[in-house]
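S.K.: In terms of this note's numbering, the sequence shown is residues 63 to 303. Even for Gly, the Cβ is constructed at its ideal location relative to N, Cα and C. These numbers come from a predicted model, not from an experiment.
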Amino acid sequence: MSKIFQNIITSSKSGKKLLAVLIDPDKMKIESVLDFISKVNQSIATHIFVGGSEVDEGVTETLVVEIKRHTDLPVVLFPGDVIQISDKADGILFLSLISGRNPEYLIGKHVEAVSKLKDASLEVIPTGYILIENGKETSVQRVSQTKPISRNDIKTIIDTAKAGELLGLQLIYLEAGSGATHPIEPEIIKEVKQELTIPLIVGGGIRSKAQLQFAYDSGADLVVIGTAFEENESFFNEIKK
Numbered sequence: 063m064s065k066i067f068q069n070i071i072t073s074s075k076s077g078k079k080l081l082a083v084l085i086d087p088d089k090m091k092i093e094s095v096l097d098f099i100s101k102v103n104q105s106i107a108t109h110i111f112v113g114g115s116e117v118d119e120g121v122t123e124t125l126v127v128e129i130k131r132h133t134d135l136p137v138v139l140f141p142g143d144v145i146q147i148s149d150k151a152d153g154i155l156f157l158s159l160i161s162g163r164n165p166e167y168l169i170g171k172h173v174e175a176v177s178k179l180k181d182a183s184l185e186v187i188p189t190g191y192i193l194i195e196n197g198k199e200t201s202v203q204r205v206s207q208t209k210p211i212s213r214n215d216i217k218t219i220i221d222t223a224k225a226g227e228l229l230g231l232q233l234i235y236l237e238a239g240s241g242a243t244h245p246i247e248p249e250i251i252k253e254v255k256q257e258l259t260i261p262l263i264v265g266g267g268i269r270s271k272a273q274l275q276f277a278y279d280s281g282a283d284l285v286v287i288g289t290a291f292e293e294n295e296s297f298f299n300e301i302k303k
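Put into structure tokens, the structure is as follows:
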């Protein structure tokens, strides 16, 4: 079993909660990386995710190289497209958008990615990605041409997550979307977690330490925060080690 995934599994079983800071290559300037990563290193963050829905070719790799110059935290790709794959990272969430029905994001993009992945040293972690509506259209929704699952349809959310596990996916990721107006409700997180035997990732709309704790208390094993840091880096002060 590979190192990053093994760490997530071990942490989940022991009750240790993990936090990933998501960096969008389209929004992070290279000259800002040192200061930003210094704040990450002083926080309780355990992982750095890198990726976005719409990123130009080559930008992700340049950013990953610069990030790794300043931290020992694992850098994991969270790619919106094949062009964001870089062997300079430590691992990649091999995302299947199982909340949607667009074959390109269920298998098509994955086939395209194989030629880049087979000779890479990246740790590949199959991950079921479930987009949940948050009141506005997200970039994931627009790019993938798929619809999110309604927050009110908890049964479909649960069944979709469980189907992903039964298909052999190693992680389930509940996502409200970048810039979500509010995070995923604790009830949804709790009920999904109760049905799974694999780790649960939750992201989108979390902008305070209290919301972070709600997600943990509801069953999230790893929480992802991105926009909150983009809009207000002082949030790091709330989550210092």
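1. Check for me: the beta strand (DSSP E) holding Glu185 runs from which residue to which?
2. Is it buried or exposed, Lys255, if we count other Cβ atoms within 10 angstroms and call 16 or more buried?
3. Report buried or exposed for Gly120, applying the criterion of at least 16 other Cβ atoms within 10 angstroms of its Cβ.
4. Does the region 91-100 touch the region 131-139, meaning 3 or more C-beta pairs lie closer than 8 angstroms?
5. Where in the region 179-261 do unbroken runs of the beta strand (DSSP E), each at least 3 residues long, occur, reported from the N-terminal end onward?
6. Just reading off the beta strand (DSSP E) that Val83 is part of, what are its end residues?
7. Who are the near neighbours of Lys75 in its chain, counting only those whose CB is closer than 6 angstroms to its CB and skipping five residues on each side?
8. Tell me the DSSP secondary structure of Val285 in three-state form.
9. For Lys150, is the classification buried or exposed, using 16 other Cβ atoms within 10 angstroms of its Cβ as the cut-off for buried?
M.R.: Let me spell this out:
1. Per DSSP, Glu185 is one residue of the beta strand (DSSP E) stretching across Glu185 to Leu193.
2. buried
3. exposed
4. By the Cβ rule, the region 131-139 counts as touching the region 91-100, because three or more pairs are nearer than 8 angstroms.
5. Fully contained in the region 179-261 are the following beta strand (DSSP E) runs of length 3 or more, in chain order: 185-193 and 233-237.
6. Counting along the chain, the beta strand (DSSP E) containing Val83 begins and ends at Leu80 to Ile85.
7. none
8. Strand at Val285.
9. Classified as buried, Lys150 has 16 or more neighbouring CB atoms from the shown chains inside 10 Å of its CB.
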